[in-house]
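Working notes for the structure below.
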Amino acid sequence: MNPEGVTFAAIHDRRAFDDASELIETFGDHAAYEAAARAARSRDLGNHIHFCRWREVERVIAMLGDTDTVGRIH
15 MNPEGVTFAA IHDRRAFDDA SELIETFGDH AAYEAAARAA RSRDLGNHIH
65 FCRWREVERV IAMLGDTDTV GRIH
């Protein structure tokens, strides 16, 4: 949690940014919906690793689309 009380998740993998970029390029404004659909499909198949990965991609897409500044500016 940062001093302003806003929580944000750490992104642990460069691949999440690459996947997010690819989805944004392909699906535009609907990229987050596609990531969520892929996460749901993975969950339904019992693949928790891919479920977590697609949820992380969904968070990256949301973070990249956020116009507000989060955290400290140095």
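Throughout the sequence shown, residue numbering follows the working numbering, covering 15 to 88 in sequence. Note that beta-carbon positions come from the ideal geometry of N, C-alpha and C, so glycine has one too. Just so we're clear, the structure is a prediction, and the values are computed from it rather than from any experiment.
The three-state secondary structure of R86, taken from DSSP, is coil. When the five nearest sequence neighbours on each side are left out, the beta carbons in the same chain lying within less than 7 angstroms of the beta carbon of R52 are those of W68, in order along the chain. Per the Cβ contact rule, the stretch 21 to 36 is not in contact with the stretch 53 to 64 (fewer than 3 Cβ pairs under 8 angstroms). Setting aside the 5 residues that flank it on each side, F41 is surrounded in the same chain by E48, each with a C-beta closer than 6 angstroms to its C-beta; the list follows chain order. In this model, T83 and M77 are separated by some 10 angstroms (Cα to Cα).
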